[in-house]
Structures are given as structure tokens and as C-alpha cells.
Amino acid sequence: MPTPSTPCCRETDTTTPLSARILRFQAASQARQVVKKVSPRKQNFDTAFFARYARRPFWERYARATAHALEMEPVYLVDDELLVGMLYQLSRDPDGYQRDEATWAPYDVGRQAATRLAQSGIDPFLASGGAPGHIGWRWDMVLELGVEGIMARIRRLLAVTQDPKAKRLYRGALILWRSVLRWNQRHIAALKAQLETAPDHDQPRLRQLIEICSRVPRFPARTFHEAVQSFHLQHLAVMFENPYGGNSPGRLDYFLWPYLERDIADGATTWQQAKDLIDELFIRFEERLHPADGWVESVIVGGTHPDGRTAVNPLSNMMIHSIMALKQTHPVVYPRIGKAAPAEFVELCARYLVHGENRAQIYNDDACIPAIVKSGTPAADAAMYMAGGCMEISAQGMNCDLNFARIHNVAKTFELVLNGGMDLRTGKRQASLEHDLTGYDSFEALYAAFENELLREYTQIVRSLDIASKCYAEFRPCYLLSSLVGDCLERGREQQDGGARYHEYGFAPLGITSVADALTAIKRAVFVDRKVTASELLDALRSNYQDAENLRRMLRALPKYGMENADADAMCNRVMNSVCNLSRQPKARFGGQLKPMIFNFVWTPSVSATLGARADGARAGDLIGHGMTPQGFAMTRGITAAMNSCAALDCSCVSGGAATMWDMDHEWITVDLMRALLAAFVAGNGMIFQGNTTAVADIIKARENPDAYPDLIVRVGGFSARFVTLEPALQDEIINRRRHAG
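Adding 235 to a residue's 1-based position in the sequence shown gives its number in our numbering.
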């Protein structure tokens with residue numbers, strides 16, 4: 236674990252430029268990115284699963300087939316490298332190979348889950364989701380113990396257990412960890428073969444790599460270089476077993492800093508050498524994941540120790556400087572700050588937001604940690620939170636890998652309640668509801684019906700995700716991952732089978748601010764001022780405000796969340812808390828719960844397109860707001876008023892994080908202004924801050940002439956992407972966002 240010493244960067248040089256070696260390495264990496272890669276993974280797995288190990292019990296068959304595929308994965312060595320190992324996440328199958336889907340179907344976790352869901356009686360409208368990923372693991376154990384140390388621990392547990400499930404977990408884990416060592420040994424053999432013909436000037440580098448790879452990850456890391464290499468290879472191996480988006484390194488600076496601190500103190504390395512390793516590591520992320528900008532692997536820097544002290548250290552700063560200089564989309568580097576963060580680090584975060592090409596996303600520990608604690612997580616675990624991909628908060632290495640499993644269209648739920656279960660876009664009945672708006676004699680009766688429908692839907696969502704969880708535990712055991720997730724080894728259970736400390740299913744409720752503004756309008760116009768009857772409002776909504784423009788404008792002019800109006804802000808707070816608190820009532824397997832994480836990712840256009848006209852004055856298909864950001868049309872009084880509305884919310888119910896999106900006018904925003912905005916955001920207990928600072932004119936030019944702007948990066952929602960790669964609807968959404976200029 237990191238030592239108590241965590242100096243800031245004032246006395247260190249973490250801003251050194253990209254070295255000549257790194258510039259060469261990056262150029263070569265970019266050339267490799269455009270070459271389509273082939274991986275025999277699936278072919279080797281199937282050969283082992285259906286032939287070599289066909290007579291073994293399923294758990295062993297699966298473990299040995301995965302191990303065989305990893306051991307046979309290609310070994311890549313490249314010029315100028317000081318780290319070793321590469322897996323291309325988006326490789327294609329070899330020519331001529333095609334999986335026999337009919338033969339694989341009985342073991343396909345997705346098909347099995349779909350079949351069981353279809354037989355469950357759960358409303359199909361609510362039975363989607365269940366995608367795994369979006370977590371981190373305690374890879375620091377590999378650095379501290381080495382693979383041999385982890386295997387020794389597993390052998391001790393295996394020797395004393397009589398539990399059949401535990402035995403399967405331990406034996407499967409031993410099979411997989413041995414395959415990691417064999418794959419590493421293939422890299423050593425390749426390095427030795429290259430050394431035999433290498434020119435004299437390159438032999439010292441190769442000898443150094445042979446020495447390092449002979450040490451780690453088999454044994455504990457002793458130096459910073461060994462620690463980075465050990466992290467890198469284990470990350471590739473665990474990602475090979477668990478090739479799912481959002482699985483991430485997490486607190487990279489936190490776990491690596493003790494090794495660098497010791498090396499610097501001993502004179503064993505320099506800041507430039509350390510930054511070269513970080514630069515190379517980040518370039519490898521980009522090469523491995525290119526061109527999938529939406530495949531997000533997050534590095535979380537800064538934050539706090541479990542005892543509350545700041546954990547910001549020179550590596551925190553170095554990693555931000557590195558990603559800013561490299562101008563790439565992988566990995567995402569997201570700082571954690573708070574009132575205790577050093578001023579120099581906050582200043583760097585402000586510069587990152589303004590000059591980081593729209594890649595920054597800032598977490599506020601002062602808001603996030605209390606929310607995690609309130610959900611039932613001890614403070615020491617909560618302090619170890621990370622983002623699993625885009626922004627999905629969880630305590631690192633403690634959650635099952637349904638940490639983000641699905642979205643939920645809250646705005647659609649409210650539409651159904653207003654219309655007696657009828658979907659305005661399809662005309663079909665989606666829910667069995669007794670009344671439409673005309674059947675409620677008070678606003679509170681309407682709100683109670685909304686809450687009742689939310690609870691019904693969340694109960695079914697938990698049931699559907701429980702089915703997915705059971706299928707993952709049965710058909711996709713994760714032996715490496717479970718070895719590094721607490722408390723799987725102690726409990727003798729795979730991470731989806733009750734092993735993970737927290738069995739939480741993350742979900743993204745979308746359209747909360749839209750519902751809040753609609754409820755504010757209905758309360759005022761229908762129940763208080765009686766400017767319109769319930770029947771008249773429903774007629775207008777069902778006709779998409781055809782022949783009702785005056786009514787639409789009247790509704791639009793009513794107070795909205797984001798205008799610093801106490802009633803509108805209170806309504807938004809009420810809706811948000813209803814969603815979050817009701818979602819936690821239905822209990823999942825192993826005492827788990829749904830975990831709300833409020834963000835939009837790429838779904839703003841698609842979710843908005845499913846909505847009919849809304850009582851806030853929006854027409855059918857009009858865009859909803861991002862996360863807990865006020866809707867664009869509501870932010871008419873400037874960013875200060877909008878942020879003050881956000882500060883009126885009690886986000887302590889949002890244990891998975893509440894995102895906000897603040898796009899700035901490029902001619903207005905400065906580092907000084909951004910620092911002030913960030914300070915106000917933290918003081919107001921905002922949770923997650925992000926946004927664009929690129930000129931809209933440049934983004935429009937990129938849409939019109941994409942070949943001239945291949946590398947223009949924009950903030951989408953929880954991640955950044957090359958603008959020209961985005962779908963047209965998403966491009967339009969980004970262009971049309973409100974740009975704040977005071």
C-alpha cells in the first residue's frame with residue numbers, strides 16, 4: 236500500500252516534455268494502429284474447450300480453455316520499448332475461422348440469460364441490460380506479492396476448504412495464474428531470441444527487459460520500472476479474461492507512487508525516466524484500444540487516503556501532464572479533488588479542463604465519498620473509489636462486474652404515468668396504470684403514482700439483473716478477476732456468485748431534470764394556477780403541441796431547474812431523491828442493491844428520440860439534459876445561476892455519481908475563470924465536472940470537412956472522442972449544446 240508520504244509537485248519536475256524515444260515510439264505506434272490485427276483467441280479457446288478438455292467438468296473446461304488461449308496469444312516486440320506485452324482489444328478472427336454458434340449456444344452466457352429472461356415473466360420493456368464490466372481490481376496485490384505469492388495464498392486456502400464451490404474457484408484461479416506466467420515466459424524467450432541478433436547499441440535495453448520480465452510479475456516488484464511492467468502485464472491478462480468496456484486501472488498513481496518515491500530517493504531513476512515509462516504506458520493503451528474512443532479505461536489520479544489525507548503526489552501531476560502532451564483519447568485520466576487538494580493540483584486541473592482538448596473530468600471527493608458511505612459502504616472503502624470507465628463510481632476491487640449494467644429512461648416512465656401507460660411515440664400500452672393525468676385530483680396523488688411506477692420498474696429491473704448475474708456466475712467464471720476482487724478468495728466464491736464485497740448493479744437513470752421541469756409546470760399550471768386543465772394538457776402532449784403553441788410557450792416560460800428558482804430546484808431534488816431512494820429498495824442477490832449513477836454517455840439523442848411531447852414545453856424528440864445538468868433551454872440566466880441550482884441538490888443519494896456537463900465559450904473561458912468555477916462547484920457539493928472548450932465554429936468545420944479534422948477531440952458524456960467518428964445525431968447534440976459565457 237502507498238506510504239504516508241505524498242508530497243505535491245512543487246519541488247519535483249513532472250512536466251518534462253516528450254523525449255526523443257517517446258516521440259519515435261508514438262510515431263511507430265500510430266503507424267501500427269491502422270493495421271488490422273488478428274487474434275486467434277476465440278479459435279484457440281474453442282479448440283481447447285470442445286476438443287482437448289471436452290471431457291472435463293465445465294468450470295475446469297472453461298478455465299483451461301481460457302488459459303490455453305492466453306498462452307497461445309501472439310507475442311509482440313517493438314523497437315524502442317521499455318515495457319513488454321500487447322493485446323489488441325478489437326482484433327478480428329483469423330481468416331477462415333468462424334465459431335459454430337449452434338455448438339456454442341448452450342454455453343453462451345448472453346443467450347442463456349436472454350432465454351431465462353424470456354421465461355421469467357418480467358416486462359420485456361424492463362428486461363434489457365446486464366452488460367458486464369466497468370470495474371477495477373486490486374492489481375496492487377500482484378505488485379506486492381507477485382503471482383507466486385498470490386498462488387501460494389490460494390494454495391493455502393485450497394488446502395483447508397471442504398467447500399466444492401471454493402475448490403473450483405481456487406483450482407480455476409491456479410490454472411489461470413500459471414497461464415499468465417507461461418505467457419510472460421514466452422515474452423522472455425522472444426526477448427532472448429532478439430538479443431542474439433541485436434546490434435550492440437540495443438543489447439543493454441534487451442538485457443534490462445529480460446531481467447525485469449524474469450522478475451515480474453512472478454515475484455514482487457522492487458523498482459518503479461518493475462512495478463509499471465508488472466501492472467502492465469497483469470492488466471493485459473485480466474483484460475484477456477474479461478474483455479469488457481469500462482474495466483479500468485483505477486488509482487494508478489496511488490499504487491505506483493511508493494515505488495517511484497523510493498527510486499527517486501535512492502537515485503535509482505530520474506523524473507524524465509519515470510515520465511518516459513508513463514508516456515509509453517499510455518501510448519500502449521491508445522494502440523491497444525484504437526479506434527474505439529467509446530471503449531473507456533480510466534486512470535484516476537489524486538484523491539484521498541482512507542484516513543482522509545490528500546493522496547495527491549508527483550505521479551498524479553505527471554499523469555495529467557502526460558495525457559495532455561500525448562493528445563490521444565486513451566486512457567482517460569480523471570482527477571479527484573476536494574477542499575483538501577493542494578492548490579497546485581487544482582490549478583493543474585483547471586488548466587487540464589481549458590487546454591486538455593476536452594478530455595478532463597473532475598471528481599469531488601467531498602461529495603462523492605459521503606454519498607458512497609451513505610449507501611452502506613465503510614468510509615475506508617469509499618475513499619478507494621474509482622471510475623469504471625466513463626464515470627461509474629465503485630470502491631476499487633470490491634464490486635461485482637455488473638457495476639454498470641443498464642440505463643433507465645425516467646422521462647419515459649413519467650410519460651407513461653401521465654398517459655395511463657400509453658407510449659406517445661408508438662401508441663402502445665407499456666404499463667398497466669389505472670389513471671392518466673385526468674384521474675388525479677391532486678399533485679401529490681400524481682407524484683405518488685409516479686413513485687409507485689418507479690418502484691415497480693426497479694423491482695423488475697433487479698429481478699432481471701439477478702438473472703444475468705446468475706448466468707455470469709454459471710457460464711462465465713472469472714478466475715483472475717475474482718482473485719483480485721475482495722472478498723472472493725476469503726469467501727471462496729466467484730465475484731458474481733457472492734464473492735464480491737459489494738454486489739451492486741449500477742444503472743443510469745436518464746431524463747431526471749426533464750421530469751422535474753415537467754412536474755414543476757404541471758403543479759403550477761394544472762393544480763395551482765389552473766391555467767390549463769389536465770385534459771387540455773394531455774391533448775396538447777398527444778398532438779405534439781399542434782394547434783397549442785400558446786400553451787407550449789406558457790409552459791416553457793414557467794420556472795425551470797437551472798434558473799435559481801427555489802421551487803424548481805426543490806422539485807428537481809425531490810425527483811432525483813425519489814429515483815435514487817426507490818431504486819435501492821428492491822434487494823438483489825446477496826443483499827445487493829441497484830446503484831444510481833446519473834450520466835448520459837452517448838444516449839442523449841437515442842433516449843430523447845423515444846419521448847413524446849413533454850409538459851416542460853419540449854416537443855417530441857427534443858433533447859433531454861446531461862445527467863444533473865439543467866436542460867439547455869433552461870440555462871438562460873448564466874452559468875452561475877445554473878451552478879447555484881445544482882448546489883441546491885442533495886446528491887448524497889447518488890452513490891454511483893451524478894455528472895454535469897458545462898460547455899464553455901472558447902473566447903470567454905480562461906484558466907482563472909475555470910479555477911473559480913471549479914472552486915464554486917466543489918463548494919456547492921457538485922460531484923462530477925466536465926465540458927467542452929473548443930470553438931463551435933471549429934466543430935462545425937470538422938463536420939463539414941472531416942478529412943481536415945481527423946483528431947479534433949470533443950467531450951461526449953463521460954468520455955471524449957474524435958468528433959468525426961461520432962454518429963450524426965451525436966454530432967448535432969454536441970454542436971447545439973449551450974455554451975456558457977458568463
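Backbone N, C-alpha and C fix where the C-beta goes; we use that ideal spot for every residue, glycine too.
Quick caveat, the model's predicted, so the values are computed rather than measured.
Coil, strand or helix - Lys-758 by DSSP: By one-based count along the sequence shown, residue 758 stands at place 523. Reduced to three states, the DSSP call for Lys-758 is helix.
Assigned secondary structure, Gln-420 (DSSP; H/G/I helix, E/B strand, else coil): Residue mapping note: residue 420 aligns to position 185 of the sequence shown, counting from 1. It is helical.
Three-state class that DSSP yields for Gly-921 in the structure shown: In the sequence shown, residue 921 corresponds to position 686, counting from 1. Residue state, collapsed to three classes: coil.
Extent of the continuous beta strand (DSSP E) run through Ile-370: Residue 370 sits at position 135 when you count from the first residue of the sequence shown. Ile-370 -> no beta strand (DSSP E), and no H or E assigned at all.
Spatial neighbours of Arg-417 in its chain, beta-carbon cut-off 7 Å, leaving aside the 5 residues before and after: Position 182 of the sequence shown, counted from the first residue, corresponds to residue 417. For Arg-417, where only same-chain residues beyond five positions count, the Cβ hits under 7 Å are Glu-306.
Candidates Ala-509, Ile-859, Ala-575, Leu-441, of which the one nearest Thr-539 by Cα: The residue you call residue 539 lines up with position 304 of the sequence shown. When only C-alpha atoms are compared, the closest one is Ala-575.
DSSP bridge partner residues for Glu-784 (one or two, in chain order): Here residue 784 corresponds to residue number 549 of the sequence shown, with the count starting at 1. Paired residue(s): none; Glu-784 is not in a bridge.
Backbone CA spacing between Glu-939 and Ser-955 [nearest angstrom]: Indexing the sequence shown from 1 puts residue 939 at position 704. Indexing the sequence shown from 1 puts residue 955 at position 720. Taking the straight line joining both Cα atoms gives about 20 Å.
Proximity below 8 Å, CB of Ala-232 to CB of Asp-900: Residue numbering for the chain in the displayed model covers 236 to 977; residue 232 lies beyond these limits and cannot be assessed.
Residue from Gln-828, Met-832, His-861, Phe-825 with nearest C-alpha to Trp-838: Position 603 of the sequence shown holds residue 838. Checked all of Gln-828, Met-832, His-861, Phe-825; the closest Cα to Trp-838 is His-861.
Extent of the continuous alpha helix (DSSP H) run through Thr-229: Nothing about residue 229 can be read from this structure; the chain reaches only from 236 to 977.
Contacts around Met-870, its chain only, beta-carbon distance under 7 Å, and the 5 residues preceding and following it disregarded: As a first step, residue 870 must be located in the sequence shown, where it is residue number 635. Cβ within range, chain order: Gly-797, Ala-877, Arg-973.
Reduced DSSP secondary structure (H/G/I, E/B, other) of Tyr-288: Mapped onto the sequence shown, residue 288 falls at position 53. If DSSP states are grouped into helix, strand and coil, Tyr-288 belongs with coil.
Nearest-angstrom Cβ-Cβ length linking Lys-758 and Phe-649, presumed shorter than 8 Å: Reading the sequence shown from its first residue, position 523 is the one you call residue 758. Reading the sequence shown from its first residue, position 414 is the one you call residue 649. Actually they are not in contact, since the Cβ atoms of Lys-758 and Phe-649 sit about 13 Å apart, beyond 8 Å.
Met-554 - containing alpha helix (DSSP H), residue span: Working through the sequence shown from its first residue, we reach residue 554 at position 319. Residues 549 to 561.
Assigned exposure category for Leu-444 - 16 Cβ within 10 Å defines buried: Here residue 444 refers to the residue found at position 209 when the sequence shown is read from its first residue. Buried, because 16 or more other Cβ atoms sit within 10 Å of the Cβ of Leu-444.
Those residues which DSSP pairs with Gly-537 across a bridge: Taking the first residue of the sequence shown as 1, we reach residue 537 at position 302. DSSP output for Gly-537 lists Arg-571 as bridge partner(s).
Among Pro-605, Ala-424, Ala-298, the one whose alpha carbon lies nearest that of Gly-320: Sequence index remark: in the sequence shown, residue 320 carries index 85 (1-based). Nearest option by C-alpha distance: Ala-424.
Inter-residue Cα distance where the pair is Gly-611 and Gly-624: Taking the first residue of the sequence shown as position 1, residue 611 is located at position 376. Taking the first residue of the sequence shown as position 1, residue 624 is located at position 389. The alpha-carbon atoms of Gly-611 and Gly-624 are separated by roughly 23 Å.
In DSSP terms, what Tyr-342 is bridged to: What you label residue 342 is simply residue 107 of the sequence shown in a count that begins at 1. Its beta-bridge partners do not exist; DSSP assigns none.
Supposed contact pair Ile-923 and Ala-893 - C-beta distance, whole angstroms, cut 8 Å: In the sequence shown, residue 893 corresponds to position 658, counting from 1. In the sequence shown, residue 923 corresponds to position 688, counting from 1. Confirmed, about 7 Å.
Nearest residue (CA-CA) to Asn-626, options Ala-614, Ala-640, Tyr-598, Gly-632: In the sequence shown, residue 626 corresponds to position 391, counting from 1. Note that residue 626 is Met in the sequence shown, not Asn. Considering only alpha carbons, the answer is Tyr-598.
Inter-residue spacing [alpha-carbon to alpha-carbon] between Asn-800 and Leu-913: For the purposes of this step, residue 800 is identified with residue 565 of the sequence shown, where counting begins at 1. For the purposes of this step, residue 913 is identified with residue 678 of the sequence shown, where counting begins at 1. About 22 Å.
Touch test, the stretch 843 to 851 against the stretch 723 to 738, Cβ-Cβ under 8 Å, three pairs minimum: no
Stretch pair the stretch 364 to 373 + the stretch 557 to 575: three plus CB contacts closer than 8 Å: no
Candidates Thr-905, Leu-858, Val-581: closest to Asp-986 by CA position: Here the chain has residues from 236 to 977 only, and residue 986 is not among them.
Segment contact flag, the stretch 651 to 665 with the stretch 944 to 954, C-beta cutoff 8 Å, min 3 pairs: no
Nonlocal neighbours in the same chain, by C-beta distance under 6 Å from Ala-560, ignoring five residues either side: Here the question's residue 560 lines up with position 325 in the sequence shown. The residues are Leu-253.
Pro-941 - DSSP class collapsed to helix/strand/coil: The residue given as residue 941 occupies position 706 in the sequence shown. Looking at Pro-941 - three-state DSSP - the assignment turns out to be helix.
Euclidean distance between Cα positions of Ala-743 and Asp-314: Taking the sequence shown and counting its residues from 1, the one referred to as residue 743 is at position 508. Taking the sequence shown and counting its residues from 1, the one referred to as residue 314 is at position 79. Roughly 43 Å separates the two Cα atoms.
Assumed close pair Ala-503, Thr-458 - CB separation to whole angstroms, cut-off 8 Å: Within the sequence shown, the letter at position 268 stands for residue 503. Within the sequence shown, the letter at position 223 stands for residue 458. Their Cβ separation, rounded to whole angstroms, is 6 Å, which keeps Ala-503 and Thr-458 in contact under 8 Å.
Top-ranked residue by Cα proximity to Gly-867, from Asp-752, Ser-449, Arg-403: Here residue 867 refers to the residue found at position 632 of the sequence shown. Here the closest residue by C-alpha is Asp-752.
Cβ-Cβ separation, Arg-571 to Asp-616 (assumed contact under 8 Å), whole Å: For the purposes of this step, residue 616 is identified with residue 381 of the sequence shown, where counting begins at 1. For the purposes of this step, residue 571 is identified with residue 336 of the sequence shown, where counting begins at 1. Going by Cβ atoms, the distance from Asp-616 to Arg-571 rounds to 15 Å, so no, they are not a contact pair.
C-alpha gap between Pro-945 and Arg-957, whole angstroms: Here residue 945 refers to the residue found at position 710 of the sequence shown. Here residue 957 refers to the residue found at position 722 of the sequence shown. Approximately 7 Å, taken between the alpha carbons.
Classification of Gln-464 by the beta-carbon crowding that lies within 10 angstroms, buried from 16 upward: To locate residue 464, count along the sequence shown from 1; it is residue 229. With 16 or more other Cβ atoms within 10 Å, it is buried.
Pairwise C-alpha distance: Gly-856 and Ser-843: Position 608 of the sequence shown, counting from 1, holds the residue named residue 843. Position 621 of the sequence shown, counting from 1, holds the residue named residue 856. Taking the straight line from one Cα to the other gives about 5 Å.
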